[in-house]
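Its first residue numbered 18, the sequence shown is counted upward by one per residue in my numbering.
Following: one structure in C-alpha coordinates, then a few remarks.
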Amino acid sequence: MASVEKIVEKMKNQPNGITPREADKVLAAHGYRFDRQRSSHCQYINQSGDVLVVVAKNPLKKVYVTAILERISGK
18 MASVEKIVEK
28 MKNQPNGITP
38 READKVLAAH
48 GYRFDRQRSS
58 HCQYINQSGD
68 VLVVVAKNPL
78 KKVYVTAILE
88 RISGK
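So, in C-alpha coordinates, the structure goes:
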(Lines of atoms letter the chains of each structure in order from A; the text may use other names.)
(Lines give C-alpha, C1' and ligand atoms only; values in the text may rest on other atoms or scores of the structure.)
Protein backbone atom coordinates (compact mmCIF):
# COMPACT_ATOMS: atom_id res chain seq x y z
CA MET A 18 0.00 0.00 0.00
CA ALA A 19 2.96 2.29 0.54
CA SER A 20 3.71 2.39 -3.15
CA VAL A 21 0.11 3.37 -3.92
CA GLU A 22 0.38 6.25 -1.46
CA LYS A 23 3.59 7.38 -3.16
CA ILE A 24 1.87 7.33 -6.55
CA VAL A 25 -1.04 9.38 -5.17
CA GLU A 26 1.42 11.96 -3.83
CA LYS A 27 3.13 12.01 -7.23
CA MET A 28 -0.27 12.53 -8.87
CA LYS A 29 -0.91 15.53 -6.62
CA ASN A 30 2.54 17.08 -7.09
CA GLN A 31 3.24 16.21 -10.74
CA PRO A 32 -0.03 15.41 -12.57
CA ASN A 33 1.53 15.52 -16.04
CA GLY A 34 3.97 12.64 -15.44
CA ILE A 35 1.65 9.74 -14.57
CA THR A 36 1.68 6.56 -16.62
CA PRO A 37 -1.45 4.50 -17.33
CA ARG A 38 0.03 1.62 -15.32
CA GLU A 39 0.40 3.84 -12.23
CA ALA A 40 -3.18 5.08 -12.62
CA ASP A 41 -4.41 1.50 -12.95
CA LYS A 42 -2.61 0.54 -9.74
CA VAL A 43 -4.15 3.45 -7.80
CA LEU A 44 -7.64 2.78 -9.13
CA ALA A 45 -7.40 -0.93 -8.28
CA ALA A 46 -6.31 -0.10 -4.73
CA HIS A 47 -9.35 2.16 -4.30
CA GLY A 48 -11.97 -0.35 -5.45
CA TYR A 49 -12.13 0.28 -9.19
CA ARG A 50 -11.70 -2.59 -11.61
CA PHE A 51 -10.85 -2.52 -15.29
CA ASP A 52 -14.08 -3.09 -17.19
CA ARG A 53 -13.24 -2.79 -20.89
CA GLN A 54 -11.21 -0.95 -23.48
CA ARG A 55 -12.20 0.45 -26.86
CA SER A 56 -9.29 1.88 -28.77
CA SER A 57 -7.33 3.87 -26.19
CA HIS A 58 -10.32 4.56 -23.91
CA CYS A 59 -10.22 2.41 -20.78
CA GLN A 60 -13.28 2.11 -18.58
CA TYR A 61 -13.05 1.44 -14.86
CA ILE A 62 -16.03 0.69 -12.62
CA ASN A 63 -16.46 0.31 -8.88
CA GLN A 64 -18.99 -1.59 -6.75
CA SER A 65 -21.48 1.27 -6.65
CA GLY A 66 -21.50 1.52 -10.47
CA ASP A 67 -19.39 4.66 -10.81
CA VAL A 68 -17.73 4.57 -14.24
CA LEU A 69 -14.49 6.38 -15.00
CA VAL A 70 -13.14 6.66 -18.55
CA VAL A 71 -9.43 7.30 -19.02
CA VAL A 72 -7.61 7.72 -22.33
CA ALA A 73 -4.55 5.53 -21.89
CA LYS A 74 -1.83 7.55 -23.56
CA ASN A 75 1.60 7.83 -22.01
CA PRO A 76 1.74 10.07 -20.00
CA LEU A 77 -1.85 10.68 -18.97
CA LYS A 78 -3.30 14.13 -19.48
CA LYS A 79 -3.76 16.27 -16.40
CA VAL A 80 -7.56 16.24 -16.72
CA TYR A 81 -7.66 12.43 -16.25
CA VAL A 82 -5.28 12.54 -13.29
CA THR A 83 -7.39 15.17 -11.53
CA ALA A 84 -10.55 13.13 -12.25
CA ILE A 85 -8.93 10.09 -10.64
CA LEU A 86 -7.89 12.14 -7.61
CA GLU A 87 -11.42 13.52 -7.22
CA ARG A 88 -12.95 10.04 -7.38
CA ILE A 89 -10.58 8.44 -4.88
CA SER A 90 -10.72 11.36 -2.42
CA GLY A 91 -14.51 11.17 -2.32
CA LYS A 92 -14.35 7.90 -0.38
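Note that the Cβ used here is the ideal one computed from N, Cα and C, for glycine as well.
- The C-beta of Glu-26 has fewer than 16 other C-beta atoms within 10 Å across all chains shown, which makes the residue exposed.
- With respect to His-58, Val-68 sits apart: the two C-beta atoms are not nearer than 7 Å.
- The beta-bridge partner set that DSSP reports for Arg-53 consists of Gln-60.
- In this structure, DSSP gives Leu-86 a helical state, which the three-state scheme calls helix.
- In the pairwise beta carbon analysis, the segment 48 to 66 is classified as not touching the segment 75 to 84: fewer than three pairs are separated by under 8 Å.
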